[in-house]
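Engineer:
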Amino acid sequence: MSALTETARAKVNLALHVVGRRADGYHLLDTLAVFPPVGDVLTLEAAGEGPLNLSVTGPMAGALAGLPPESNLALRGARLALAAAGIDPEQAGLALTLEKHLPAEAGIGGGSADAAAAIRLVCRRFGLDPLGPAILEAALRLGADVPMCLHSRPLRARGIGETITPLGALPAFGLLLANPGIATPTPEIFRRLETRTNPPIADLPAIDHAGAVVDALAAARNDLQAPAIAFAPAIGALLADLANLPDVLLARMSGSGSTCLALFAAPARRSALRPYCARQGLRHG
């Protein structure tokens with residue numbers, strides 16, 4: 001077989017409301033997410049006989065150093081899809097390579113995106129639908145963000161992430177991502193959340209230009225932003241810097257942090273600000 005490649009696109013929460021909590025401890029969310037063309041890269045290729053194996057490379061590979069391979073969501077996602085294809089992962093004869101670019105514990109779904117990309121790769125190899133009900137149900141057990149990352153398109157997700165409504169095509173706008181280099185563990189950020197029964201996101205109006213995107217988002221929020229700033233004040237400083245950038249329309253944190261985003265009316269405006277982020281020592285994309 002020829003090598004197959006997938007990009008595990010970053011999951012960026014433009015808005016995230018925490019609207020409740022289930023008896024089992026899972027939080028109920030209402031979120032708007034997009035998936036810009038930045039992320040990790042996964043490759044699947046034949047490897048003779050033997051079990052599915054994983055190797056990790058890339059500038060962020062060190063974040064996974066020392067962790068047992070069995071805990072890696074990319075490997076678990078590939079195994080899930082192999083099982084759906086009726087193939088024993090121990091006899092798959094496949095090699096999975098994860099080229100890691102996204103930081104860990106950064107609020108952009110790095111591990112979940114890796115799992116979703118691995119599922120898509122195996123589904124491509126064996127002719128399965130990665131959005132089939134059985135695979136989506138199994139993917140949810142890997143993590144609440146995995147079904148969203150399988151769709152990897154503008155969407156609204158509710159529940160714990162299993163109720164997904166694709167959004168229509170959004171107008172072009174600039175999106176700058178910046179990370180202060182601080183990990184924000186999701187359980188710790190949720191633990192610091194004061195209110196877990198917040199109102200949901202309002203119904204979205206027709207969105208036909210970048211200004212309409214910002215107007216809709218201005219009425220929303222990220223309920224995890226305040227507890228994340230309390231945990232890591234550098235996030236607040238980063239958001240203040242982003243809010244003061246020329247032509248910025250909105251600055252907000254993604255997910256449980258620590259990655260933050262800035263929106264601009266024109267994609268080219270974002271590119272012009274990359275040198276600024278480099279001077280400030282910020283990871284950006």
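Read in order, the letters of the sequence shown correspond to residues 1 to 285 in the UniProt record's numbering.
C-beta atoms are modelled at their ideal positions from N, C-alpha and C, and glycine is treated no differently.
G110 by DSSP, collapsed to three states: which one?
Structural biologist: Looking at G110 - three-state DSSP - the assignment turns out to be helix.
Engineer: Less than 8 Å separating the beta-carbons of L167 and I119?
Structural biologist: Not closer than 8 Å, so no.
Engineer: Give the range of the beta strand (DSSP E) segment to which H27 is assigned.
Structural biologist: Run containing H27: 27-34, per the beta strand (DSSP E) assignment.
Engineer: Going by Cα to Cα distance, which pick from C260, E6, G255, T259 is closest to A122?
Structural biologist: Checking the displayed sequence, the identity of residue 122 turns out to be Val instead of Ala. When each option's Cα is compared against that of V122, the closest is E6.
Engineer: Does the pairing of the segment 29-47 with the segment 228-241 give three or more beta-carbon distances under 8 Å?
Structural biologist: They do not touch, by the three-pair rule.
Engineer: For P233, name the three-state secondary structure that DSSP assigns.
Structural biologist: In this structure, P233 counts as helix in the three-state DSSP scheme.
Engineer: With a threshold of 16 other CB atoms inside 10 Å of the CB of Q225, please say whether the residue is buried or exposed.
Structural biologist: Buried is the call here.
Engineer: Less than 8 Å between the C-beta atoms of A113 and D40, yes or no?
Structural biologist: Their beta carbons are under 8 Å apart, which means A113 touches D40 by this criterion.
Engineer: Rounding to the nearest angstrom, what Cα-Cα distance links S254 and P200 in this structure?
Structural biologist: Going from the Cα of S254 to the Cα of P200 covers about 17 Å.
Engineer: Looking only at C-alpha atoms, which of E70, P103, A228, N13 sits nearest to L142?
Structural biologist: The residue with the shortest Cα to Cα distance from L142 is E70.
Engineer: Could you tell me which residues DSSP puts in a beta bridge with D40?
Structural biologist: D40 is bridged to A8.
Engineer: From the DSSP output, which residues share a beta bridge with F264?
Structural biologist: DSSP output for F264 lists G174, V248 as bridge partner(s).
Engineer: Taking only the alpha-carbon atoms, compute the straight-line gap between L96 and A138 and give it to the nearest angstrom.
Structural biologist: C-alpha separation (whole angstroms): 20 Å.
Engineer: Are three or more beta carbon pairs between the segment 205-214 and the segment 170-178 nearer than 8 Å?
Structural biologist: Flag = yes, the segment 205-214 and the segment 170-178 touch.
Engineer: In three-state terms, what does DSSP make of T186?
Structural biologist: Three-state DSSP puts T186 in a helix.
Engineer: Helix, strand or coil for L71, going by three-state DSSP, please let me know.
Structural biologist: Residue identity differs from the one stated: residue 71 is Ser in this sequence, not Leu. Here S71 sits in helix by DSSP.
Engineer: Quick check: the Cα distance between G127 and P89, rounded to an integer number of angstroms?
Structural biologist: Roughly 17 Å between the two C-alpha positions.
Engineer: Closest to N53 by C-alpha separation, out of S152, P37, R76, would be which residue?
Structural biologist: Comparing Cα positions, the closest option is R76.
Engineer: Taking A83 as the reference, which of G107, P51, A61 has the closest Cα?
Structural biologist: For A83, the nearest C-alpha among the options comes from P51.
Engineer: Looking at C-alpha atoms only, which residue of H27, E49, G109, A251 is the closest neighbour of C149?
Structural biologist: Out of H27, E49, G109, A251, G109 has the C-alpha closest to the C-alpha of C149.
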